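Engineer: Before anything else, here's the structure in question.
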Amino acid sequence: MMTIEEFNQLDAETAKQELQRCCGATRWVEQMEARRPFGSSKALNEMATEIWDGLSREDWLEAFSHHPKIGGVDYLRKKFATTQDWSSQEQAGAQGASEKVLHELAQGNETYEIRFGYIFIVCATGKTAPEMLEILQSRLNNAPDDELEIARQEQNKITHLRIAKMLS
């Protein structure tokens, strides 16, 4: 975690490493690093979107490939294990992380990857397992170009969340 001023002072390689943690597209990282220094975190975020929007399908797929594959039930069990500690008013979300939902998520992720050729990308922050399953199922019937656009937008949200964490 650092300020925008500290980020601007990083050497090029360290800045690229920090940016790589935000988005796995090599061209995005290189173009972002080349545009330093940024006057503010807002300016950095605006440039992040501008560069992201100007990249190619191959760049977007490269970024997607840097996400862990959410496919196995064991992985999903770990991901949603913390829901068992939620307070009673949040128990509806915890109860939704049942074995059935986890298996459906795993199967849906596999179906998604076969259909579209890349892993399911969703900004999952704050979403329960049932919510993610609903989103996944709703996107399986999208046309490939429409789905790529949705995944691209989701990756952009993820990138901005990671930038915010980097600059906390």
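First residue of the sequence shown? That's 1 in my numbering, and the numbers climb one at a time after it. Note that beta-carbon positions come from the ideal geometry of N, C-alpha and C, so glycine has one too. From a predicted model like this one, the values you see are computed outputs, not experimental measurements.
Does Gly24 come out as helix, strand or coil in the three-state DSSP assignment?
Structural biologist: coil
Engineer: Can you tell me where the alpha helix (DSSP H) holding Asn45 begins and where it ends?
Structural biologist: 41–53
Engineer: For the alpha helix (DSSP H) containing Thr111, name the first residue and the last one.
Structural biologist: 99–116
Engineer: DSSP three-state label for Lys127, please.
Structural biologist: coil
Engineer: Tell me which same chain residues have a C-beta within less than 7 Å of the C-beta of Glu62, skipping the five on either side of it?
Structural biologist: Gly24, Ala25, Thr26
Engineer: Around the C-beta of Arg57, are 16 or more other C-beta atoms found within 10 angstroms, so that it is buried, or is it exposed?
Structural biologist: exposed
Engineer: With distances taken from CA atoms, which of Asp11, Gly126, Gln9 is nearest Ile158?
Structural biologist: Gly126
Engineer: Looking at Phe116 and Glu147, is the spacing between their C-beta atoms short of 7 Å?
Structural biologist: Yes.
Engineer: Between the C-alpha atoms of Trp41 and Asn142, what's the straight-line distance to the nearest angstrom?
Structural biologist: According to the sequence shown, residue 41 is Ser rather than Trp. Whole-angstrom Cα-Cα distance: 34 Å.
Engineer: I'd like the list of long-range same chain contacts for Ala92, defined as Cβ closer than 6 Å, with 5 residues on each side in sequence excluded.
Structural biologist: Confidence in Ala92 is poor, its pLDDT being 35 and thus under 50, which makes the residue's placement unreliable; the coordinate value appears in the next sentence. Excluding residues within five positions, none has a Cβ falling inside 6 Å.
Engineer: Counting only the same chain and skipping the five closest in sequence on each side, list residues whose C-beta sits under 8 Å from that of Phe38.
Structural biologist: Ile4, Phe7, Asn8, Leu44, Met47
Engineer: Do you know offhand how far Gly54's Cα is from Ser168's?
Structural biologist: 27 Å
Engineer: Is Leu148 helix, strand or coil by DSSP?
Structural biologist: For Leu148, the three-state secondary structure derived from DSSP is helix.
Engineer: Taking C-alpha atoms, which residue in Arg139, Lys165, Met166 lies nearest to Ala154?
Structural biologist: Before going further, note that residue 154 is Glu rather than Ala in the sequence given. Among Arg139, Lys165, Met166, the Cα nearest to that of Glu154 belongs to Arg139.
Engineer: Would you call the CB atoms of Ile119 and Glu113 closer than 7 Å?
Structural biologist: yes
Engineer: Starting from the Cα of Ala151, find the closest Cα among Arg162, Ile163, Pro130, Leu136 and give me that residue.
Structural biologist: Leu136
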